[in-house]
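Numbering (this note's numbering), first residue to last: 618 to 1256. Notes for the one structure printed next.
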Amino acid sequence: MREISINKISTYLSSKYKALRSLILASKDRLIFVAIFIVIAIPVIMLLSHSYTQLQTSSLFGYKEHAFSVLQNLNKNITADLAIEDRRSYADYRFIRSVPVFGGEEITMSELAEFPQRSHYVGLVGHFQLDPAGNLSTPVLPDGVLEKIPMMDRDKRLAIRNKISQILNTSGFAAMSSPVAFAMTSSSMEKADTTHKNDSRLIDQIYKQDLDIASTRKKKKANRPRVEQITETGDFAFGVESTKLDTTGLLVRLINTETTHSMEAEIDFFQAIVDSNYIIFHRTVRRGTDVFIQGFIVDARMYLTNLVKNEIEKYKGVTKGNQQDPLVLAFFHKNKSFVAFGERNNITTELLSESLQAPLSDITFKMYTTQRAPGGEFVTFIGFLMLAVLGIGLISIYHVTQSRVKLAAKRQDFVSAITHELKTPLTAIKMYAELLQNSWVASEEKKQKYYGQIASEADRLSRLIQNVLNLSKLDGNRWNVQLRMDKPKQVLDDFVSTYSKNVEKQGFELTVSSDTDADNISLMIDRDAIMQILMNLVDNSLKFSKNADYKMINVELRIKGTDMYLAVRDYGPGIPPSEMKKVFQEFYRVENEMTRQTSGTGIGLSMVKKLCALCNMTIELENANPGLRTKIHFPSLSI
């Protein structure tokens, strides 16, 4: 007993060592494949990352080039707009002006006095002029001695002047100094003397600002103020609106009458004051010692929108196909956006941030893109696809390699097992043959017994060799299937008559039972295949039921409906449920290394399943508690 325990422990430790060694080798193989994946994946990721970066760079370059083109066109539009106004005569800012005609000059209504107002400036509120005394006037409404002349739409014209006055009061234009209220309505004109001091401060501040700008521009030859000649008729027309009747009925000139001595007016370029709602364009006009502020006011949003009207058609949320336009255009003043076009919720990259050209340099023009590089998603998809294919490929190779390794190990175990299986009967045959050859057996009874043992071992050896040959035929598709009409009951009877003695020699009882209806049923079957199947199943039962309480093997032939099957049942330990699917693998053995006492090669059930598949039959295993029942189902009787 002690020897047996030591042998069992030794066998168990040996098996655990082999299992641990296999686990280490498997882990090593996994690490090798992981390393291969990393070595290949890193360059692939770097290449794809570089490609993605190049796509982004190329795409952003194209977007930025377009953004600069938009800015350039925008500045050109600003220049073109102001060029028209810069060429406008200072006299146009009055209700009347003199124009040259054949043979001299005549006084006519100013172009800016037309109503409704017509202008190339979209969003125009109106033109205005501040005289040296701080009085506000607008070309659409006559002033001075012309104030009382009848005209159509006077209320609407007055509303324009009041709106201009309100904008000037509430904008930064009036806040360049201390707050100045110069709401110049028609009634306030009569109070010009009392408001002269406050309004003069505003004029002084604007004048100082424009003088500073003018002095800077004078340093540049290209930006010198424009000089306009003054005619006597023009001077008269300009001065009419600066003359009012006093309380005695006498004309009072509100501006210096010495202007005409210079006979020229110096006109500066336009400047601009911007707030969140309006843009105030203004210029300084000098007639001798008199300084006038002339200008016009536009709605900021409408004006800027018109400047980029050809571009913003792309940014109104209109989709192209299923894709939103990827660019966003915006104007900022004091870091606050007050005009924007396009979808701003998904901004990813700022393309451009530049101030507009003078006089709108307080406005910052920005463009963004809401889209990443076109093709970036494709590169990302290709990257993931390549890594997935690489990973799946390596995993597949790993599993194939492992299956090959396991198969090689099983084959090695098979060689060892079959060597042992061959050696055992050969040793027995040799031993009995030597006893008989040397006449060491005197009893005739023992001689016959030894002859029987030699024959039994020879049969065992023959079956083993036949199994190996049959497996070789099955693996090489060389099994000659011979399907003929035959009776399964007759095949079963032939098997019992042939194999029952072998079963009885091993101390087992072979019992056979069949349904009465099965006796005369014929099917297309391969007799040799069924004999081989039954032989392997009974052999398995004999091996694994050696220590069973009931030394019995039952073979049944049953019919249930259209299903006819053979069943081989033993009373051994059965098969664990977790091993049910594995027992059909080649060279696989259900073993407990601590209690293993069975012989075999692990090819029996594998060969049975292959034979069943060739003969259009199926195999089914079920634990019978105790024992195992193996069913072989013939083709359906309804076929």
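Backbone N, C-alpha and C define an ideal beta-carbon position, used for all residues, glycine too.
For residue i and residue j, what's the separation of their Cα atoms in angstroms?
i	j	result
E1196	S1056	50 Å
I820	I884	For I820, the predicted model reports a pLDDT of 41, less than 50, meaning its position is unreliable and no value from the coordinates is stated.
A1026	I1014	18 Å
F799	F719	Its pLDDT being 34, under 50, F799 is placed unreliably by the model, and the measurement read from it follows with that caveat. One C-alpha to the other measures close to 42 Å.
I999	L691	41 Å
L1159	Y1116	12 Å
R1213	V1155	With a pLDDT of only 47 at R1213, under the threshold of 50, the placement of this residue in the model should not be trusted; the figure read from the coordinates follows. Going from the Cα of R1213 to the Cα of V1155 covers about 19 Å.
V1172	D1092	28 Å
V661	I1012	18 Å
I980	K951	8 Å
S666	G1191	59 Å
P1243	I653	50 Å
I777	F732	11 Å
E1074	M1152	16 Å
K1226	I1236	7 Å
G721	S715	10 Å
Q974	P943	26 Å
R870	D852	At R870, the pLDDT of 48 sits below 50, so the modelled position is not reliable and the matter cannot be decided from this model.
L868	F712	Here the model assigns L868 a pLDDT of 45, short of 50, so the residue's position is not dependable, and the following value carries that caveat. Approximately 19 Å, taken between the alpha carbons.
S1114	V1022	43 Å
K1118	Q1107	18 Å
I910	I897	12 Å
T966	I655	33 Å
Where does residue i fall in DSSP's three states?
i	result
M1282	Examination of residue 1282 is not possible in this model, given that the chain is present from 618 through 1256 alone.
N1192	Note that residue 1192 is Ile in the sequence shown here, rather than Asn. Three-state DSSP puts I1192 in coil, outside helix and strand.
L1053	helix
Y738	coil
A1165	coil
A947	strand
M1197	coil
F1125	coil
S817	With a pLDDT of 40 at S817, under the threshold of 50, the modelled position of this residue cannot be trusted; read the value that follows with caution. Looking at S817 - three-state DSSP - the assignment turns out to be helix.
A750	coil
G959	coil
R1101	strand
L758	strand
S1255	coil
A975	coil
E928	helix
V1058	coil
F995	helix
Q911	strand
F732	coil
I believe residue i touches residue j by the beta-carbon criterion, under 8 Å. Please report the beta-carbon distance rounded to the nearest angstrom.
i	j	result
A882	R904	5 Å
I701	H737	7 Å
I1249	Y1182	6 Å
R780	V739	The sequence given here has Lys at residue 780, not Arg. Not quite, the Cβ-Cβ distance comes to about 17 Å (not below 8 Å), so this is no contact.
F955	A917	7 Å
L1078	L1127	Going by Cβ atoms, the distance from L1078 to L1127 rounds to 22 Å, so no, they are not a contact pair.
V996	L672	7 Å
Please list the terminal residues of the continuous alpha helix (DSSP H) segment that includes residue i.
i	result
T922	A917 to L924
L1088	E1061 to D1092
S1117	P1105 to K1122
Q783	R771 to T787
In the DSSP assignment, find the unbroken beta strand (DSSP E) run with residue i in it and report its ends.
i	result
E1173	M1169 to K1177
R714	I713 to V718
I1138	Counting along the chain, I1138 falls outside any beta strand (DSSP E), and DSSP gives it neither H nor E.
V902	Y895 to R904
G721	G721 to M726
Y710	That residue, Y710, is in no beta strand (DSSP E); it is neither H nor E in DSSP.
M768	No beta strand (DSSP E) contains M768, which DSSP labels as neither H nor E.
D1180	D1180 to R1186
L968	T966 to S972
E845	R843 to Q846
T981	I980 to T986
Q888	Q888 to V891
A882	E881 to I884
When you compare the CB of residue i with every CB in chain C, is at least one pair closer than 8 Å?
i	result
G721	The structure shown contains no chain C, having only a single protein chain.
#### Entry: Every unbroken alpha helix (DSSP H) inside the segment 1219-1253 [4 residues or more]
For the segment 1219-1253, whole alpha helix (DSSP H) runs of length 4 or above, ordered along the chain, are 1221-1231.
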